[in-house]
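Chemist: In my numbering, the protein residues as written are 18 to 236.
As structure tokens, this is what we get:
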């Protein structure tokens with residue numbers, strides 16, 4: 018179509034007025050060259066494709082179970098009734114702890130009026146409604162809401178031997194070697210659990226006795 022228009026224009030011009038020498042031919046060459054010119058369109062730049070972000074794979078972590086049971090053990094070595102007070106008895110428990118049970122604070126199951134009392138819950142060693150296990154992991158008993166238990170309901174024994182308690186059979190404070198500071202003239206109550214039915218009060222003995230142990234309780 019464009020070529021036809023160009024030829025008609027040349028015909029018109031040649032008829033109306035002569036071109037100067039060579040001008041008609043030059044114009045034809047220019048027109049034909051323009052007809053064959055190809056317009057190049059530059060590609061529109063595009064943003065590079067962003068890299069694909071991989072979602073990291075996470076492995077669920079299994080929480081470590083919380084152990085709520087507490088340990089109880091009988092000391093390896095006996096002691097007379099003079100511990101230098103309740104705090105000295107607690108310190109003795111710390112030195113006697115078996116390596117097989119967890120580290121922590123261990124207190125002596127001893128009573129002394131106004132210092133450590135089960136009924137009055139003064140610095141008492143047992144927690145309410147808590148299960149206590151011995152050093153081999155066997156359940157011994159579970160305390161009631163008052164932090165005490167009933168002998169005869171033990172699932173296992175504390176261990177062999179007898180141990181100072183300063184407790185009467187009803188968990189009230191009894192004879193206690195002058196609050197566990199005497200080993201000469203006074204007496205102290207002791208208990209035993211060589212069978213599951215014995216109690217915190219088995220009898221009393223003189224405070225210079227060197228065959229009596231302690232029961233120690235994890236706090």
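Note that beta-carbon positions come from the ideal geometry of N, C-alpha and C, so glycine has one too.
Since we're looking at a predicted model, the values are computed, not measured.
Here's the rule: buried if 16 or more other CB atoms are within 10 angstroms of the residue's CB, otherwise exposed. What is residue 157?
Modeler: Counting from one through the chain shown, the residue named residue 157 turns up at place 140. Buried.
Chemist: Buried or exposed: residue 227, going by 16 or more other Cβ atoms within 10 Å of its Cβ?
Modeler: Position 210 of the chain shown, counted from the start, is the residue given in the question as residue 227. Exposed, by the Cβ-count rule.
Chemist: Is residue 56 helix, strand or coil by DSSP?
Modeler: Residue numbering aside, residue 56 sits at position 39 when the chain shown is read from its first letter. At residue 56 the pLDDT is 49, less than 50, meaning the model places this residue with poor confidence and gives no usable figure here.
Chemist: Note down, in chain order, each residue of its chain lying with its Cβ closer than 7 angstroms to the Cβ of residue 106, except the 5 sequence neighbours on either side.
Modeler: Taking the chain shown and counting its residues from 1, the one referred to as residue 106 is at position 89. The beta carbon of residue 106 lies closer than 7 angstroms to those of 100, 125, 127, 197 and 231 in the same chain, with the five residues before and after it left out.
Chemist: To the nearest angstrom, report how far apart residue 152 and residue 91 are at their CA atoms.
Modeler: For the purposes of this step, residue 152 is taken as residue 135 along the chain shown, with counting starting at 1. For the purposes of this step, residue 91 is taken as residue 74 along the chain shown, with counting starting at 1. Between residue 152 and residue 91, the alpha-carbon positions lie close to 9 angstroms from each other.
Chemist: Where does residue 108 sit, in a helix, a strand or coil, going by DSSP?
Modeler: The sequence position of residue 108 within the chain shown is 91, counting from 1. Collapsing the DSSP output to three states places residue 108 in a helix.
Chemist: Short check: CB of residue 130 to CB of residue 175, under 7 angstroms?
Modeler: Within the chain shown, residue 130 is the residue found at index 113, counting from 1. Within the chain shown, residue 175 is the residue found at index 158, counting from 1. Contact flag unset, no.
Chemist: So what's residue 155 in DSSP terms, helix, strand or just coil?
Modeler: On the chain shown, residue 155 is found 138 positions in, with the first residue counted as 1. Of the three classes helix, strand and coil, the one that applies to residue 155 here is coil, per DSSP.
Chemist: Ends of the beta strand (DSSP E) at residue 239?
Modeler: This structure cannot settle anything about residue 239, because the visible part of the chain is limited to 18 through 236.
Chemist: When we look at the beta-carbon of residue 170 and count the other beta-carbons within 10 Å, is it buried (16 or more) or exposed?
Modeler: To locate residue 170, count along the chain shown from 1; it is residue 153. Residue 170 comes out exposed.
Chemist: Rounded to whole angstroms, what is the Cα-Cα separation between residue 147 and residue 217?
Modeler: The residue labelled residue 147 in the question sits at position 130 within the chain shown. The residue labelled residue 217 in the question sits at position 200 within the chain shown. Residue 147 and residue 217: Cα-Cα distance of roughly 18 angstroms.
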